[in-house]
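Please read the structure below before turning to the comments.
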Amino acid sequence: MMYSYQGSEVFVAAARAYAVAPEYKSHGLKLALKFFKQPEVAALLNTTANESSAAVFKYFKAKPVPQAHYNEVLFLVFNSWRFLRAVFIKCRFPGAIASSAALLLSPLFKIITLLKQKERYSRHQDLLLKRICVDDLGEEFDMLWAIKREQEVFFTDRSVEVLQWRINIAPSHYHMYGAYLKDQFLGYILLKIEHVEHLKLKRCLIIDIFGDFKNDESLAVLISELVREAKDLSVDTIEIIGFPQALRKIVKRLLPFKRIIPNWPYFKFMTQDLKAACHDSGFWHVSLMDGDSSL
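First residue of the sequence shown? That's 213 in the numbering used here, and the numbers climb one at a time after it.
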């Protein structure tokens, strides 16, 4: 995968899967060594590391990404009954009991949801969020990406070609929205619809929020509009993983619930300049756009 930092391209090897048959378990580290010894790679990344793979990455001196609260998922519930049913199913309640318990508790959960949504944002006449196609991204987006990739931030490649590749893997699952101030393009927000079959839950993931949104209140209004758009997609929940703290603070106003996941991204840089830069708090901008998190 290609990343950008201060205008330079950074070639990154992102781990996709790690598995060893039981009879060859003793060769597991030899297999991992092949990954860590790749030539012409400036960085190694694992964005979906569970406890087992994290232990392997730690053994080879990889470190957890120092981006606070990455494992804290922020979310909002649209369908209380389906969400609670999924919770009970995950707790291994039988299907009928899970459905009945969810039906009983869903009115109370709706009230809790309303109480947690303390802030409301009305539509702003100059701010517009509208559905767009990735193929329609033009010169304004190219200029935005050209500016962003010069920053001292470790961005995964967001060129139009890479966005098209990502979305066209499963185009019916993605929804892209363009943000505009009057007629000026500010950036985009990318959603992905995910069916969690074993929990009978349909959720919406905020994959990316990328642009220059002028100020926090403008972004809050746009996120509020995004929540309304997501609700119309007939999903049960909307959630977000990752992103820097400043952005999460804004999103948390609209997505007030949180849950903890066991995954945490790990990295290892091979060049001295990146090894030095990665300790700066503004270096990281990790989300589901990175590695194989949303592929």
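C-beta atoms are modelled at their ideal positions from N, C-alpha and C, and glycine is treated no differently. The structure displayed is predicted, hence computed values, not measured ones.
Where the alpha helix (DSSP H) through residue i begins and ends
i      : result
Gly240 : Gly240 to Phe248
Lys330 : Run containing Lys330: none; DSSP gives neither H nor E here.
Asp485 : Gln484 to Ala489
Ile379 : Val372 to Ile379
Residue i - DSSP class collapsed to helix/strand/coil
i      : result
Arg297 : helix
Lys270 : helix
Val463 : helix
Val253 : coil
Phe230 : It is worth fixing the name first, because residue 230 is Tyr in this sequence and not Phe. Coil, per DSSP.
Ile435 : helix
Val285 : strand
Trp476 : coil
Ile421 : strand
His387 : strand
Arg304 : coil
Leu445 : coil
Val365 : coil
Ser493 : coil
Leu411 : helix
Ala314 : helix
Phe290 : coil
Pro278 : coil
Leu320 : helix
Thr261 : Just to set this straight, residue 261 is Ala in the shown sequence, not Thr. The answer is coil: DSSP assigns Ala261 none of H, G, I, E or B.
Lys426 : coil
Ala382 : coil
Boundaries (first-last residue) of the beta strand (DSSP E) holding residue i
i      : result
Phe353 : Phe353 -> not in any beta strand (DSSP E); alpha helix (DSSP H) instead, spanning Glu351 to Lys360.
Thr449 : Thr449 to Ile452
Gln396 : Gln396 to Val408
Lys342 : Leu339 to Ile344
Tyr217 : Met214 to Tyr217
Buried versus exposed, by CB contacts within 10 Å (16 or more), residue i
i      : result
Arg471 : exposed
Asn380 : exposed
Arg440 : exposed
Leu417 : buried
Gly350 : exposed
Asn291 : buried
Glu252 : exposed
Tyr236 : exposed
Arg335 : exposed
Gly423 : buried
Glu409 : exposed
Lys461 : exposed
Leu431 : buried
Leu245 : exposed
Leu326 : exposed
Glu451 : buried
Ile453 : buried
Residue i and residue j closer than 8 Å at C-beta
i      : j      : result
Thr259 : Asp448 : no
Phe321 : Leu286 : no
Ala280 : Phe269 : no
Gly390 : Ile344 : yes
Leu402 : Ser436 : no
Leu434 : Leu339 : yes
Arg370 : Trp357 : yes
Phe272 : Phe248 : yes
Val498 : Tyr282 : yes
Leu393 : Ala298 : no
Phe469 : Val289 : yes
Ile197 : Lys443 : Examination of residue 197 is not possible in this model, given that the chain is present from 213 through 507 alone.
Pro276 : Trp476 : yes
Val232 : Gly219 : no
Leu445 : His387 : yes
Ala226 : Met213 : yes
Phe425 : Ala274 : no
Asp504 : Arg228 : yes
Distance cut-off 7 Å: residue i Cβ against heavy atoms of the ligand ATP
i      : result
Ala280 : Annotation note on the ligand ATP: not contained in the displayed structure, which lists no ligands.
Assumed close pair residue i, residue j - CB separation to whole angstroms, cut-off 8 Å
i      : j      : result
Arg294 : Leu413 : 6 Å
Ser506 : Arg361 : Not confirmed; about 20 Å, so no contact.
Phe366 : Phe455 : Their Cβ separation, rounded to whole angstroms, is 13 Å, which puts Phe366 and Phe455 out of contact at 8 Å.
Ala310 : Ile301 : 5 Å
Phe481 : Ala255 : 5 Å
Leu459 : Ile421 : 6 Å
Arg415 : Glu406 : 5 Å
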